[in-house]
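Numbering (the numbering used here), first residue to last: 140 to 647.
Below is one structure; the comments refer to it alone.
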Amino acid sequence: TSSFASLHPLSLILLCRIPSPPLDSSASLSKMVRYSALNPHVPQHLRALIAFVSLTSVASLMYLLYLRPMSLSDSPTDNLGIWKFVPKERYPFCQRCGGPEIDPICDEYGDDVLRRSLAHEGTSRRLREKIKQAQRGKPIKFAVLGGSVSVGHGIDDRTQTYHQRVFSWWNTQFPHADNTFVQGSVPATDSAYFAYCFHKRIPRDVDIVLIEFALNDGSPFPSERNAGDPLTSKMMESLVRNILRLPSKPAIIFISFFSYNVNEYFDGQESHLPVANYYDITFISMKNVLYDHVNRYAEEFKPYLFSDGHHPTQQGHRIAADFITHHIQQQVCALNRRHGQLDDAHGKFSVNMSLPIADMWTKRPDYANFRELEPTCDSFSDQSYRPKETHGWNLWNWQGEKFYIVANEPGANVTFTVSTNQGVVYLYVLKSKSYSLGDVWCWADDNKEKGTQISGYWTLWYSVGVMVPTVDGLSAGKHELHCEVLPAEKSQNPDRGTNFRILAIMSG
């Protein structure tokens, strides 16, 4: 009996059920001892004690595994993994599509729609790391980078934007007084601006970044915007790669909206998907789910989804938030199934590497010479930035959201000081068929004859900031960029406009 305490409760039960020693084989069946659940050779009081200990041990084990307080699940001293089990009551949505009270998002949209919304799922490794941090009681810092959709144009209550809804859900699931949200979006801007200026808009210790630029970015395929240009993919990759390089190792989630006012399928989504694939980033697409549906039932569904044909309504924001939230929920569930452990893929295929060895555009023989882009950005949204020299240019802003330096008169000139490490300089300018926009001539240092003509005018119906390649091939270091407004006869505007607006100067 001295060894009973060291036995597993299930072992005690089995021991108590050992039958009596077998009788001689010649004995008649009538003389056999009847089988008893408790061995008759064990004293009655000891059998009672064994049964009590067994039942108590099983009950205790059940309590520890299933009925323990939820706070124990996040114990930092848990080295054995016994507290990693999370009861279903804490994450009911892990019973995917289990009913309106269990998984209300799936109940509303259906499993096929939710799967269709994932244009690229990926492994979500970084997102799961942030979920683990939140489960351990650490605060999480969210940020969003996008254009007017993410600012909230088209809805009256900007607390109902998709990202605020996601953040609200996060705070309910992982409450912490120091959870924070950073609004980094700027109206009428595309990903190219943020590729060089993101550090002006979000902190370096950010944890989760939502990226929304499908409406403002161009397609790599021929479209009404241009003949197809890979520059958008290059700029988005620069943005993504530099965010992933931040010391906080943030997670990124793409969210893609679409505009009914654009009369074709192609937009920035097609430029972004290769980047999402290459960098293992989840891409959630409203267009995948709703584009064909709104085309079929435009009279009914367009006013439900779009406030002005371009910006989403509050319902549109809610749908996007539900798609993002459901994806995050599924990552919580994946961790739950693995008892809080990330799959290390057994070290195979470099899937655990933080970044690919080089960017998407560098050819394999050039890997040894690959250099990370170190972007610099001088943006007038800072409101404190000033060019080195100006003659005929003035600072101006639109409703406190868009900040420019503006000139109207031919011959007005401005000089910027820039620094490069890859020898490239870009201007970020307003493009529009309105505002009587004209052209400028820009050059680096004293090479005026090797300059570039840049037009602010285009024929598209919308007005947006566009990144324009201005100078390349410069040596690493500091340079001066000069721009001068061209006379009306050289303007590409059929009305011979001469107004020009610069939002930012980027180099790298």
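Just so you know, even glycine gets a beta-carbon here, dropped at the ideal spot from N, CA and C.
Predicted model only: the values in this text are computed from it and were never measured.
Continuous beta strand (DSSP E) stretch holding Thr464: start and end: Premise fails: Thr464 lies in the alpha helix (DSSP H), 453-476, not in any beta strand (DSSP E).
Cutoff 8 angstroms; reference Glu619; Cβ partners in own chain excluding five residues on either side: Lys527, Thr554, Phe555, Thr556, Val557, Ala583, Asp584
Between the CA atoms of Leu494 and Gln454 - distance to the nearest angstrom: 36 angstroms
Under 9 angstroms between C-beta atoms of Leu613 and Thr559: yes
Burial state of Gly647 (16 or more Cβ within 10 Å): buried
Three-way DSSP call (helix, strand, coil) for Tyr694 in this model: Residue 694 is absent from the structure shown; the chain starts at 140 and stops at 647.
Residue interval of the alpha helix (DSSP H) (run including Asn109): For the chain, the structure presents residues 140 to 647; residue 109 sits outside this window and is missing.
With 16 other Cβ atoms within 10 Å as the buried cut-off, status of Asp447: exposed
Endpoints, the beta strand (DSSP E) within which Cys581 is located: 578-583
Residues that DSSP places opposite Cys516 in a beta bridge: Met645
Outcome for Trp500 when other beta-carbon atoms lying within 10 angstroms are tallied against a minimum of 16: exposed
Classification of Ile496 by the beta-carbon crowding that lies within 10 angstroms, buried from 16 upward: exposed
Pair within 9 angstroms by beta-carbon distance, Val305 and Ile463: yes
Inter-residue CB distance, Pro451 and Gly293 (contact presumed, cutoff 8 angstroms): 6 angstroms
Alpha helix (DSSP H) segments (min. 4 residues) lying fully within the segment 235-300: 243-248, 250-255, 264-274, 287-290
Exposure of Phe519, with buried meaning 16 or more beta-carbon neighbours within 10 Å: buried
Ile341 (DSSP reduced to helix, strand or coil): coil
Element boundaries [beta strand (DSSP E), containing Met606]: 603-610
Neighbourhood of Ser165 by C-beta, 7 angstroms cutoff - its chain only, sequence neighbours within 5 removed: Because Ser165 carries a pLDDT of 38, less than 50, the predicted location of this residue cannot be relied on, and no value is offered for it.
Extent of the continuous beta strand (DSSP E) run through Ile392: 390-395
Nearest to Tyr506 (by Cα), restricted to the options Asp498, Lys426, Cys516: Asp498
Run of the beta strand (DSSP E) containing Ser410, from where it starts to where it stops: Taken as a continuous stretch (DSSP letters only), Ser410 belongs to no beta strand (DSSP E), being part of the alpha helix (DSSP H) at 408-417.
Rounded straight-line distance, which links the Cα of Trp600 to that of Ile458: 27 angstroms
Option in Ser523, Asn381, His621 with minimal Cα separation from Tyr565: His621
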